[in-house]
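J.: Note that the UniProt record's numbering has the sequence shown beginning at 3, numbered continuously upward. We put the CB at the ideal spot given by N, CA and C, even for glycine.
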Amino acid sequence: TARYAVFGHPVAHSLSPRIHQAFGRQTGIDLVYEAIDAPPATFADALAAFAAAGGTGANITLPLKTLAYDLASTRSERATRAGAVNTLVRRGETWHGDTTDGVGLVRDLTDRRSLDLRGRRTLLIGAGGAARSVAPALLDAGVSELYVVNRTPARADALADALGEPGVVHPRYFEQLGEMGEFELIINATSAGRDGSVPALPRSLVGMRTDAVDLSYGEAAVPFLAWARAHGCQGVIDGLGMLVEQAAESFELWHGVRPETDAVFDALQARNI
Ligand code: ATR
C-alpha cells in the first residue's frame, strides 16, 4: 500500500485525509493517507523520515508551502510561477514540487459554479502564500485585470512584479479601495478570517454582478462572506470546493486517475465524511 500524507502546522483538522480516502474508495486505489504535524523548524526532517518510510506523495499546507518549494529538487512551471508547492511527488530519490491550488480554484469557479472568469475585472485581497498560489491561474483563466491590494504594500508590489504582466496586474494600496470602482470578482486571500476579522472594504467595490470568493472555508470564511452577502454580492463562495478540486488534481498527479469530485464535495458540505 502506497503512503501519502498532508504536512502542516497545525494539521489535525485537515480534511485532506478524508478526501483522499474517499477518492481511493471511489477509484479502487488502495492507499494510506495521514496528517503529519510538522512545525517549520523540523519539516525537512519529518519529510525525509516520511520518504524513508515509503512515502511517495505529500500535500503541503500552511505554513509550509514555501519551505516545500525550497525542498523540492525539481518543480513544475506553475509551482515556479506561484513560488509555492502544495503537492510533492516522489521521483526516485528526490521530490518533485507542484501546486494544484490555482487550477483547483479555477475549476471550482468555472465547472462547479459555472462562472465565466474571462474578461472579469478582479480584485485579489492579500499577497501572502495563498494569494501567490492562485494568482497565476487567475491570469491563465483570462481575467482582464487583476488588482492586488495588501495590508503591507511592498508584498502587493512584489506579487505584481513576480507575475510579470504589468498591463494586467495592478498593485494598489488599501487606502485606494474607495476610488477603484466596481469589481466582477473579489477574492479574499488574506488570513484575517482565521482571527475572525476582515479587512475594511468599501461598498463601492460591489456592482450589479459581483461574485465573492474566500479561499478559506468553515469559520475562517465567515467574516468576509458575511460582508459579501450584506453588500449584495451575487455568488458567495467559500474555499471548500477549491479544497476538493486541488485534492483531485494532486490525486491525479500521484495515481494517474482523475477522481469524480461532486459526491465528495456534497458529502463534505453535509459534514458526512
Ligand atoms: P497565507 O499562506 O494564508 O497567505 P501568509 O503568507 O502569512 O499566509 O499571508 C497572510 C495574508 O493575509 C497577507 O496578505 C497578510 O497581509 P500582510 O502581508 O500585510 O501581513 C494578510 N492579513 C493577515 N491578517 C490580516 C488583517 N487582519 N488584515 C488585512 N490583511 C491581513
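Tell me whether Arg174 counts as near the ligand ATR, meaning its Cβ is closer than 7 Å to at least one heavy atom of that ligand.
T.: Flag unset: Cβ of Arg174 not near the ligand ATR.
J.: Who are the near neighbours of Leu203 in its chain, counting only those whose CB is closer than 7 Å to its CB and skipping five residues on each side?
T.: Closer than 7 Å at the Cβ level, and outside the excluded window around Leu203, lie Leu179 and Trp229.
J.: Tell me whether Gly209, by its Cβ, gets closer than 7 Å to a heavy atom of the ligand ATR.
T.: Not so, every heavy atom of the ligand ATR lies at least 7 Å from the Cβ.
J.: The ligand ATR heavy atoms versus the CB of Pro204: any closer than 7 Å?
T.: For the ligand ATR, not one heavy atom lies less than 7 Å from the Cβ of Pro204.
J.: Examine the ligand HEM and report whether any of its heavy atoms sits within less than 7 Å of the Cβ of Pro42.
T.: No copy of the ligand HEM occurs in the structure displayed; its ligands are the ligand ATR alone.
J.: Please indicate yes or no: does the CB of Gly106 lie closer than 7 Å to some heavy atom of the ligand ATR?
T.: Flag unset: Cβ of Gly106 not near the ligand ATR.
J.: Go through its chain and collect everything with a Cβ distance to Arg211's Cβ below 8 Å, but skip five positions before and after it.
T.: Cβ neighbours of Arg211 beyond the five flanking positions: Glu186 and Gln236.
J.: Quick test of the definition: if touching needs 3 or more C-beta pairs under 8 Å, does the segment 117 to 126 touch the segment 84 to 100?
T.: Taking 8 Å as the limit for Cβ pairs, the verdict is that the segment 84 to 100 does not touch the segment 117 to 126.
J.: Just the Cα atoms here: how many angstroms apart are Arg120 and Gly169?
T.: Those two C-alpha atoms are separated by around 16 Å.
J.: Can you name the start and end residues of the beta strand (DSSP E) that Ala143 belongs to?
T.: Element bounds for Ala143: n/a, residue is neither H nor E.
J.: Counting only the same chain and skipping the five closest in sequence on each side, list residues whose C-beta sits under 6 Å from that of Ala132.
T.: Hits under 6 Å: Ala191 and Leu217.
J.: Considering Cα atoms alone, identify which of Gly220, Val224, Val105 and Pro225 is closest to Leu17.
T.: Nearest option by C-alpha distance: Gly220.
J.: Using DSSP bridges, identify the partner residues of Phe267.
T.: In the DSSP output, where bridge partners are listed per residue, Phe267 has none listed.
J.: At a cut-off of 7 Å, would you count Arg115 as near the ligand ATR, judging by its Cβ distance to the nearest heavy atom?
T.: Answer for Arg115: no, Cβ out of range of the ligand ATR.
J.: On a CA-only basis, which of Pro225, Leu140 and Ala214 is nearest Asp197? Give me that one, please.
T.: Asp197 has its Cα closest to that of Pro225, out of Pro225, Leu140 and Ala214.
J.: Quick check: does the Cβ of Pro201 come within less than 7 Å of any heavy atom belonging to the ligand ATR?
T.: Yes, the Cβ of Pro201 comes within 7 Å of a heavy atom of the ligand ATR.
J.: Give me whichever residues DSSP pairs with Phe9 in a beta bridge.
T.: DSSP, once it has assigned bridges, lists Ile38 and Ile62 as partnering Phe9.
J.: Counting along the chain, where does the beta strand (DSSP E) carrying Leu179 start and finish?
T.: Here Leu179 belongs to no beta strand (DSSP E), and DSSP marks it neither H nor E.
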